[in-house]
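Trainee: Mind having a look at this structure? Questions to follow.
4 protein chains.
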Amino acid sequence: MTQNSPEPEDRATKQRDNRRRQIVAAAKEVFAELGYHKASISELIQRAGIARGTFYLYFEHKRQVFDSILNEALVELDKRILPVDIGPDQPSARAQLRANFIRVLTYLLEDQALTQLLLNHGLTPDSGAADRVGAFYQGVIMMIRASLAEGVERGLLRKCHSEIVASALFGAIRGMVEYMMSADKTPSVEEAADELIYLVLHGVANSEHWIDE
Amino acid sequence: MTQNSPEPEDRATKQRDNRRRQIVAAAKEVFAELGYHKASISELIQRAGIARGTFYLYFEHKRQVFDSILNEALVELDKRILPVDIGPDQPSARAQLRANFIRVLTYLLEDQALTQLLLNHGLTPDSGAADRVGAFYQGVIMMIRASLAEGVERGLLRKCHSEIVASALFGAIRGMVEYMMSADKTPSVEEAADELIYLVLHGVANSEHWIDE
Amino acid sequence: MTQNSPEPEDRATKQRDNRRRQIVAAAKEVFAELGYHKASISELIQRAGIARGTFYLYFEHKRQVFDSILNEALVELDKRILPVDIGPDQPSARAQLRANFIRVLTYLLEDQALTQLLLNHGLTPDSGAADRVGAFYQGVIMMIRASLAEGVERGLLRKCHSEIVASALFGAIRGMVEYMMSADKTPSVEEAADELIYLVLHGVANSEHWIDE
Amino acid sequence: MTQNSPEPEDRATKQRDNRRRQIVAAAKEVFAELGYHKASISELIQRAGIARGTFYLYFEHKRQVFDSILNEALVELDKRILPVDIGPDQPSARAQLRANFIRVLTYLLEDQALTQLLLNHGLTPDSGAADRVGAFYQGVIMMIRASLAEGVERGLLRKCHSEIVASALFGAIRGMVEYMMSADKTPSVEEAADELIYLVLHGVANSEHWIDE
DNA sequence: AATGAATGAGGGTTCATTCAT
DNA sequence: CATGAATGAACCCTCATTCAT
């Protein structure tokens with residue numbers, strides 16, 4: 001009826017997507033600042049500049065925005081973690097590891113609100129979102145574990161209880177991220193990555209002084 | 214003056230303490246399962262088998278039970294973390310470290326509900342309790358950092374960015390605890406401690422194959 | 427810009443005002459019947475025919491409705507009490523007094539629930555509203571006192587302890603209002619006003635029989 | 640069994656009465672300070688220095704203490720208000736009136752907590768106590784009215800609408816009491832009584848200047 | 001008689017969600 | 001699509017009253 005500019009549905013869809021993004025952005029802020037429970041719809045819609053009812057046009061629940069935020073984050077993170085491919089014509093394993101670290105850290109530091117959410121997963125008691133974050137983390141841990149196993153097999157790494165070590169390594173990464181989120185003058189992403197990789201590979205011992213008991 | 218049958222006041226005090234403990238136990242469970250916010254007084258008192266008003270005879274607020282739980286935990290943990298004393302006539306640093314680990318891990322694994330709480334701190338942005346847990350963690354990190362610095366000075370440890378590494382190490386410990394809380398067949402506390410210490414000291418590299426780039 | 431059907435914003439505002447009035451009316455009733463403390467929000471909203479949450483859309487606190495009711499009343503009363511202006515071209519002081527009385531009495535008798543509230547001020551020791559009513563009453567007493575003083579100065583009134591007399595006169599007015607609120611067949615407002623004014627001016631003595639002792 | 644000192648029952652009764660009085664005294668304070676509703680049993684028993692249960696050994700309800708306090712007050716007041724007996728060999732009516740005033744005022748000023756309660760009657764929404772105070776006041780008003788009627792009949796007082804005037808006069812008395820409760824430097828009881836009686840009898844007009852309209 | 005721990009109905013308030021406009 | 005007034009379940013907490021000791 002009205003003049004259909006090229007792809008009318010597209011336009012509508014795009015506008016809808018924009019609105020959605022606008023809400024998600026506001027939600028991310030509010031959740032990061034206040035935590036899931038203290039973040040009220042009122043605050044959220046005020047920050048997004050929309051009406052109460054409008055929110056429910058785009059999301060069914062409060063939980064759904066939260067889940068949606070996390071989902072996107074997990075997808076993005078996933079994209080940035082590439083399996084370490086060991087072969088000729090490949091950069092060294094260390095270089096690939098380093099690249100992974102840097103990509104992930106860069107992403108996280110660029111969206112601190114989101115990172116806050118990821119670090120405090122478990123604060124969403126029932127949503128299944130916590131479970132999903134947990135599952136993602138488990139996935140990463142599994143990936144680390146597999147890498148460990150492969151490294152051991154190839155003789156690149158020493159033997160170890162791969163599950164424990166994988167969990168510990170993942171924890172170490174998270175600890176470092178937490179540090180970089182809170183510290184006043186944070187080191188550069190590269191510096192942090194190097195420090196972490198060296199730690200993981202060689203530990204902190206000055207080896208000549210430590211003899212296995 | 215007259216001989217009082219076995220300390221009547223004592224009995225009352227003991228009863229009161231029992232009730233308190235009963236409430237705290239129930240609260241720990243509920244908080245661990247649901248998180249601070251979703252844990253309702255209704256659920257709590259039902260689980261404790263007491264009436265609504267009774268709860269407020271022992272605690273002023275919902276927050277107060279929570280804080281009380283955390284405080285006790287922090288005190289207990291603090292007791293179990295002894296500074297590593299390096300001197301003649303002392304067990305080796307490694308042995309002291311190991312003993313610390315084992316004490317802490319044992320305590321945490323014995324009270325899993327509490328450990329759940331500690332791991333998910335940050336879920337109570339208003340109670341001040343989260344801040345306290347955070348402060349405790351910071352304290353531990355500082356202690357690690359100081360130990361690192363001392364080790365480096367004595368030539369026992371290699372040079373490193375002590376803040377980053379301390380945060381990472383703390384994360385590693387936490388990661389391991391998380392693992393031990395969730396895994397089906399968990400390794401023994403001793404095994405876990407050994408694995409972690411070795412990891413921290415020497416890393417995972419099979420050193421002959423890694424050359425610094 | 428386009429011709430808006432009769433002021434859409436106006437309509438919304440008017441609706442809001444109506445709701446508000448509806449709540450205030452119910453609140454007035456409930457407060458008058460039960461007093462501030464025993465008046466529960468439950469009773470109030472039931473009487474107003476609204477949902478629990480709706481109440482808090484219009485008022486922040488229980489206290490706020492109460493205060494709001496009193497404030498309006500005090501403003502209205504204030505409007506009806508005009509200073510007695512003695513000058514040429516003015517109605518006689520008695521006539522001005524009489525007019526004041528009649529205006530106030532008429533207002534009070536028209537809204538008996540509200541009058542009940544005003545008479546029983548002091549029943550809300552915490553709201554600050556009681557204080558406000560008290561302050562208003564004090565203001566009226568002061569006005570009476572000032573009028574007395576002026577009257578004495580002009581030789582219109584006999585000398586007296588103006589503070590005591592002002593308080594007593596205010597009490598007399600209040601006593602009369604109470605009477606008119608409770609009596610079955612109340613006299614007309616005019617009759618009451620005349621009676622009160624005569625009492626105030628000349629007392630009840632048949633003067634020929636009373637000699638000062 | 641135990642040695643019965645003279646009138647054992649008497650002793651018990653006396654002790655019981657003492658306890659009761661102790662509670663009533665504390666209650667009077669608390670009610671006067673906080674008002675009926677905000678006065679908690681906790682505060683009351685603390686002030687009385689007794690245990691929670693003990694209170695309910697002497698009174699069935701919170702309301703009952705309150706009623707008991709008011710009852711005693713009304714009885715005491717009643718004792719102090721004597722009918723004005725006009726006859727030969729009697730002090731003048733004015734003197735009798737004056738004596739009544741002085742007795743009542745003295746009593747009220749001696750127990751200000753209680754007076755506060757009486758002035759704020761109506762704050763006990765359901766106890767029947769409010770009704771009882773109201774009834775007492777009505778009784779006093781009736782007495783005033785009867786005195787008025789008799790005075791008119793005897794030609795001592797001018798004709799008037801006795802109900803209105805009685806209510807107003809009662810209000811005047813109450814107003815004066817309120818004044819004396821709050822003012823910083825209150826006049827003596829005698830001065831107040833004289834002022835009030837003169838006001839009631841002759842009003843405030845300087846009669847030569849007022850001509851009935 | 002005295003105690004005070006225990007009770008639970010009821011209070012005010014919040015906030016995710018719905019729906020008529 | 002967008003709005004925001006309306007909803008009511010659920011929350012934390014208080015306090016008069018009871019009852020085993």
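Residue numbers (this note's numbering), protein chains in the order written: chain A, 1 to 213; chain B, 214 to 426; chain C, 427 to 639; chain D, 640 to 852.
Built from N, CA and C at the ideal position, the CB exists for glycine as well.
Quantities reported herein were computed from a predicted structural model and do not represent experimental measurements.
Show which residues of chain C have a CB atom less than 7 Å away from the CB atom of P826/D.
Mentor: Those within 7 Å of P826/D in chain C are H587 and I590.
Trainee: Closest to I377/B by CA distance: which of L169/A, Y137/A and E195/A is it?
Mentor: Closest option to I377/B, Cα to Cα, is E195/A.
Trainee: Please list the terminal residues of the continuous alpha helix (DSSP H) segment that includes I725/D.
Mentor: Note, I725/D: premise wrong, no alpha helix (DSSP H); not H, not E.
Trainee: For the segment 579 to 588 of chain C against the segment 778 to 798 of chain D, do three or more pairs of beta-carbon atoms, one drawn from each stretch, fall closer than 8 Å, so that the two count as touching?
Mentor: No: fewer than three Cβ pairs fall under 8 Å.
Trainee: By Cβ distance, which residues of its chain are closer than 8 Å to N497/C, with the 5 residues on each side in sequence left out?
Mentor: Only R558 meet the Cβ criterion.
Trainee: For the segment 269 to 283 of chain B, enumerate the residues whose C-beta is nearer than 9 Å to any C-beta of chain A, in chain order.
Mentor: Residues: none.
Trainee: Would you grab the beta carbon distance between L503/C and Y533/C for me? Rounded to a whole angstrom, and I think it's under 8 Å.
Mentor: Yes, they are in contact, since the Cβ atoms of L503/C and Y533/C sit about 7 Å apart, within 8 Å.
Trainee: Apart from the five residues just before and just after I507/C, which ones in its own chain have a Cβ nearer than 8 Å to its Cβ?
Mentor: So the list reads N526, R529, V530, V566 and M569, once near-sequence residues are dropped.
Trainee: For N231/B, does the count of other Cβ atoms within 10 angstroms reach 16, so buried, or fall short, so exposed?
Mentor: Its Cβ having fewer than 16 others within 10 Å, N231/B is exposed.
Trainee: Mind checking who L748/D pairs with in its DSSP beta bridge?
Mentor: Answer is none; L748/D lacks a bridge partner.
Trainee: Flag V417/B as yes if its beta-carbon sits less than 9 Å from any beta-carbon of chain A, otherwise no.
Mentor: Chain A, which has a Cβ nearer than 9 Å to the Cβ of V417/B, makes this yes.
Trainee: Taking L318/B as the query, report the chain A residues whose CB atoms sit under 8 Å from its CB, ordered along the chain.
Mentor: In chain order: nothing, as chain A lies at least about 12 Å away.
Trainee: Tell me whether G601/C is buried or exposed, calling it buried when 16 or more other Cβ atoms sit within 10 Å of its Cβ.
Mentor: Buried, by the Cβ-count rule.
Trainee: Using a cut-off of 7 Å between C-beta atoms, extract the partners of A381/B located in chain A.
Mentor: Those are A172, G175, M176, L196 and L199, listed as they occur along chain A.
Trainee: If you measure from the beta carbon of P125/A to each beta carbon in chain B, is any gap under 9 Å?
Mentor: Reliability fails at P125/A, whose pLDDT of 49 lies under 50, so the model's placement of it is uncertain and the value that follows must be treated cautiously. Yes, P125/A counts as interfacial toward chain B.
Trainee: Please classify Y624/C: does DSSP put it in a helix, a strand, or coil?
Mentor: Three-state DSSP puts Y624/C in a helix.
Trainee: What do you reckon, is the C-beta of K398/B under 8 Å from a heavy atom of the ligand PLP?
Mentor: Of the ligands one can find in the structure shown there are none, so the ligand PLP has no counterpart to examine.
Trainee: Can you check whether the C-beta of K677/D is within less than 9 Å of a C-beta belonging to chain C?
Mentor: Chain C contact via Cβ: present.
Trainee: In the DSSP assignment, find the unbroken alpha helix (DSSP H) run with K488/C in it and report its ends.
Mentor: Element bounds for K488/C: K488 to R506.
Trainee: Could you tell me which of A239/B, K227/B, A264/B and L412/B sits nearest to A252/B, measuring between CA atoms?
Mentor: Taking only the C-alpha atoms, the option nearest A252/B is A239/B.
Trainee: If we call anything under 9 Å between Cβ atoms a contact, is I386/B one with G49/A?
Mentor: No, these two residues do not count as a Cβ contact at 9 Å.
Trainee: So which of S182/A, R47/A and E153/A has the shortest CA-CA distance to S380/B?
Mentor: Measuring from the Cα of S380/B, the nearest candidate turns out to be S182/A.
Trainee: Once the 5 residues before and after I405/C are set aside, which same chain residues still bring their CB inside 8 Å of it?
Mentor: It is not possible to answer for residue 405/C, since the shown part of chain C is limited to 427 through 639.
Trainee: In the DSSP assignment, find the unbroken alpha helix (DSSP H) run with I41/A in it and report its ends.
Mentor: I41/A -> alpha helix (DSSP H) spans I41 to A48.
Trainee: May I ask you to report which of helix, strand or coil DSSP gives L796/D?
Mentor: L796/D: strand per DSSP, three-state reduction.
Trainee: In chain C, which residues lie less than 9 Å from L875/D when you measure between Cβ atoms?
Mentor: Lying before the first or after the last residue shown, residue 875/D is absent from chain D, which here runs from 640 to 852.
Trainee: A844/D by DSSP, collapsed to three states: which one?
Mentor: If DSSP states are grouped into helix, strand and coil, A844/D belongs with the strands.
Trainee: Where does D217/A land, buried or exposed, given buried means 16+ other C-beta within 10 angstroms?
Mentor: Only positions 1 to 213 of chain A appear in the structure, and residue 217/A is not among them; the question remains open.
Trainee: Cβ of V204/A within 9 Å of Cβ of L414/B?
Mentor: Taking 9 Å as the Cβ cut-off, V204/A and L414/B qualify as a contacting pair.
Trainee: Counting C-beta neighbours from all protein chains within 10 Å, is the total for E60/A 16 or more, i.e. buried, or is it exposed?
Mentor: So E60/A counts as exposed.
Trainee: Output yes if chain B places a C-beta closer than 9 Å to the C-beta of E231/A; else output no.
Mentor: Past the boundaries of the shown model lies residue 231/A; chain A is included only from 1 to 213, so the question cannot be answered.
Trainee: How is D184/A classed by DSSP in three states: helix, strand or coil?
Mentor: In the structure shown, D184/A sits in coil (DSSP, three-state: anything other than H, G, I, E or B).
Trainee: Since A609/C meets chain D, which of its residues come closer than 8 Å, beta carbon to beta carbon?
Mentor: Correct list: E802.
Trainee: On the criterion of 16 or more Cβ atoms from any shown chain inside 10 Å, does L636/D qualify as buried, or is it exposed?
Mentor: Residue numbering for chain D in the displayed model covers 640 to 852; residue 636/D lies beyond these limits and cannot be assessed.
Trainee: Going straight from the alpha carbon of Q516/C to that of L535/C, what length do you get?
Mentor: Their backbone Cα atoms lie some 28 Å apart in a straight line.
Trainee: Taking R371/B as the query, report the chain A residues whose CB atoms sit under 9 Å from its CB, ordered along the chain.
Mentor: Neighbours of R371/B on chain A, chain order: Y198, H202, G203, V204, A205, N206 and S207.
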